[in-house]
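Engineer:
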Amino acid sequence: MLVRAIVLVAAASLALSTTACSGGPQQEASGGSAAVRGVPDWVPMYPGARVSGVETRNAGVETYTTFQLDSTHDCQKVFAWYDEKLKVAGFNVLKSMGTADGCSGIMRAEGAGNTRALNLNGGGAAGGSSRLAVQAVVRQLPGGGTASGPAGIPSWVPQYPGSKPANVVTKQEGGERSADFSFTTTDDAKAVIAWYERTLKAARFTIVGSTVFDASTAKLTAQDATGRSILNLRMEPAGAQKVVAIGAREGGE
Numbered sequence: 245m246l247v248r249a250i251v252l253v254a255a256a257s258l259a260l261s262t263t264a265c266s267g268g269p270q271q272e273a274s275g276g277s278a279a280v281r282g283v284p285d286w287v288p289m290y291p292g293a294r295v296s297g298v299e300t301r302n303a304g305v306e307t308y309t310t311f312q313l314d315s316t317h318d319c320q321k322v323f324a325w326y327d328e329k330l331k332v333a334g335f336n337v338l339k340s341m342g343t344a345d346g347c348s349g350i351m352r353a354e355g356a357g358n359t360r361a362l363n364l365n366g367g368g369a370a371g372g373s374s375r376l377a378v379q380a381v382v383r384q385l386p387g388g389g390t391a392s393g394p395a396g397i398p399s400w401v402p403q404y405p406g407s408k409p410a411n412v413v414t415k416q417e418g419g420e421r422s423a424d425f426s427f428t429t430t431d432d433a434k435a436v437i438a439w440y441e442r443t444l445k446a447a448r449f450t451i452v453g454s455t456v457f458d459a460s461t462a463k464l465t466a467q468d469a470t471g472r473s474i475l476n477l478r479m480e481p482a483g484a485q486k487v488v489a490i491g492a493r494e495g496g497e
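Following our numbering, the numbering of the sequence shown begins with 245 at its first residue and continues without gaps.
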C-alpha cells in the first residue's frame with residue numbers, strides 16, 4: 245500500500261513542480277476547510293499556506309485535483325496537522341517521515357467507502373519552510389458510498405458511551421450493506437476495546453481478533469454466529485485525542 249502511495253504522490257509532485265514553474269496564480273488558505281478555487285471543499289487547508297498550480301483532470305471514474313502548497317512552517321508540523329485533521333474526518337492515514345536530510349514526508353489518506361483520497365508528498369529544511377505536492381482524488385464508484393447520518397448505522401452496532409458518530413458513509417451492493425463511521429474519544433485504548441468485547445459478546449458475537457498496541461492504538465474484529473454481520477474497529481491517535489473508526493458489514497453470501 246505504501247509503495248503504491250509513493251508512486252502516486254511522486255507523480256503528483258512532478259506534475260506540480262512543472263505547473264508551479266509556469267507561474268500560476270497563488271491563493272492563500274484561511275485554514276480548516278478549503279476556500280481555494282478549483283480545490284474540492286472537503287480538502288483541509290493548512291492555515292496561512294499558499295496554494296498554486298491548481299489543475300483538475302478526469303480519468304474514468306476518478307477525478308484528480310493537484311496543487312502545490314507552501315507554508316512557512318516546518319514540514320513535521322504541517323504533516324502532523326494533516327494527520328489529525330484527516331483522521332478526525334474519517335480517513336485511514338498512512339504516513340512515512342524522514343529527517344536524514346532536513347524534513348520530508350509522504351502521506352496517503354483514504355476516505356470511508358473509498359470515494360475520496362488525499363495524497364501529500366514534500367518537505368523542506370529542518371525548522372524552515374515547507375513545500376508539498378498535494379493530490380485529491382474523487383471516485384464515482386458503481387454502488388459507491390453515500391454520506392449519511394447516524395440513522396444509517398445498523399442497529400446491531402454498539403454505540404460507545406458518550407460517542408457522537410461522524411463521517412457516516414453507507415453503501416448497498418447486491419445483498420450486502422455496509423456502514424463506515426468514526427468518533428473521537430480521550431479514553432484509553434484498553435478501556436475502549438474491553439467495552440466493545442463485553443458488549444459484542446453479550447450480543448452473541450465472536451471476537452475474531454483483538455489487539456491493543458498502546459494507550460492510543462488498537463484493533464478488533466467480531467462477527468455474529470452466521471458470519472453475515474461483521475464489525476471491524478481501528479483506533480489511532482490524532483493529536484491530543486484518539487479516533488475510533490468502525491466498519492460494519494451485513495448480508496451477502
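Yeah, the Cβ is synthetic: ideal placement off N, Cα and C, and Gly gets one too.
Under 8 Å: do the segment 440-454 and the segment 397-417 share three or more Cβ pairs, one atom per stretch?
Structural biologist: Yes: at least three Cβ pairs fall under 8 Å.
Engineer: Residue range of the beta strand (DSSP E) that Y308 falls in?
Structural biologist: As a working note, residue 308 is residue 64 in the sequence shown. It spans 306-315 - the beta strand (DSSP E) in which Y308 sits, taken as one unbroken run.
Engineer: At which residues does the alpha helix (DSSP H) containing A433 begin and terminate?
Structural biologist: Reading the sequence shown from its first residue, position 189 is the one you call residue 433. Per DSSP, A433 belongs to the alpha helix (DSSP H) from 433-446.
Engineer: Using three-state DSSP, classify G396 as helix, strand or coil.
Structural biologist: Within the sequence shown, residue 396 is the residue found at index 152, counting from 1. If DSSP states are grouped into helix, strand and coil, G396 belongs with the helices.
Engineer: When burial is assigned at 16 or more other CB atoms within 10 Å of the CB, is V452 buried or exposed?
Structural biologist: Here residue 452 is taken as the residue at index 208 of the sequence shown, counted from 1. Label assigned to V452: exposed.
Engineer: Output the distance between the C-alpha atoms of T461 and A423, rounded to the nearest integer angstrom.
Structural biologist: In the sequence shown, residue 461 corresponds to position 217, counting from 1. In the sequence shown, residue 423 corresponds to position 179, counting from 1. If you take the alpha carbons of T461 and A423, they lie about 22 Å apart.
Engineer: Anyone know if the C-beta pair for G349 and K339 falls short of 8 Å?
Structural biologist: Here residue 349 corresponds to residue number 105 of the sequence shown, with the count starting at 1. Here residue 339 corresponds to residue number 95 of the sequence shown, with the count starting at 1. Yes. Within cutoff.
Engineer: Rank Q312, V378, G406 by C-alpha distance to the C-alpha of F427 and give the top, closest one.
Structural biologist: Taking the first residue of the sequence shown as 1, we reach residue 427 at position 183. Residue G406 is the option with its Cα nearest to F427.
Engineer: Does DSSP put A370 in a helix, in a strand, or in coil?
Structural biologist: By 1-based counting over the sequence shown, the position of residue 370 is 126. The answer is coil: DSSP assigns A370 none of H, G, I, E or B.
Engineer: Q320 by DSSP, collapsed to three states: which one?
Structural biologist: Position 76 of the sequence shown holds residue 320. DSSP places Q320 in helix when its eight states are reduced to three.
Engineer: If you follow the beta strand (DSSP E) that M341 is in, where does it begin and where does it stop?
Structural biologist: By one-based count along the sequence shown, residue 341 stands at place 97. Here the beta strand (DSSP E) through M341 covers 336-342.
Engineer: What would DSSP say about V538, mapped onto helix, strand or coil?
Structural biologist: Any answer about residue 538 is impossible in this case: the structure gives the chain only from 245 up to 497.
Engineer: If you drop the 5 nearest sequence neighbours on each side, which residues of the same chain put their C-beta closer than 6 Å to that of P481?
Structural biologist: By 1-based counting over the sequence shown, the position of residue 481 is 237. So the list reads S460, once near-sequence residues are dropped.
Engineer: Just the Cα atoms here: how many angstroms apart are A446 and V436?
Structural biologist: Here residue 446 is taken as the residue at index 202 of the sequence shown, counted from 1. Here residue 436 is taken as the residue at index 192 of the sequence shown, counted from 1. So the alpha carbons of these two residues sit roughly 16 Å apart.
Engineer: Is the beta carbon of Q519 sitting closer than 8 Å to the one on T430?
Structural biologist: With the chain covering only 245 through 497, there is no way to say anything about residue 519.
Engineer: From the DSSP output, which residues share a beta bridge with P481?
Structural biologist: As a working mapping, residue 481 is identified with position 237 in the sequence shown. The partner list for P481 (beta bridge, DSSP) reads K486.
Engineer: Going along the chain, which residues of its own chain have a beta-carbon closer than 7 Å to the beta-carbon of A293, five neighbours each way excluded?
Structural biologist: Position 49 of the sequence shown, counted from the first residue, corresponds to residue 293. Excluding residues within five positions, the ones whose Cβ falls inside 7 Å are A273, L313, D314, S315.
Engineer: Would you tell me roughly how many angstroms separate the C-alpha atoms of A380 and Y308, rounded to the nearest one?
Structural biologist: The residue labelled residue 380 in the question sits at position 136 within the sequence shown. The residue labelled residue 308 in the question sits at position 64 within the sequence shown. In a straight line, the C-alpha of A380 is about 6 Å away from that of Y308.
Engineer: When you compare only the Cα positions, how much space is there between D468 and E494?
Structural biologist: As a working mapping, residue 468 is identified with position 224 in the sequence shown. As a working mapping, residue 494 is identified with position 250 in the sequence shown. Approximately 10 Å between the Cα atoms of the pair.
Engineer: Taking buried to mean at least 16 other C-beta atoms within 10 Å of its own C-beta, is K232 buried or exposed?
Structural biologist: With the chain running from 245 to 497 in the structure shown, residue 232 is simply not present.
Engineer: Sort out for me which residues DSSP pairs K415 with in a bridge.
Structural biologist: For the purposes of this step, residue 415 is taken as residue 171 along the sequence shown, with counting starting at 1. K415 pairs with S422.
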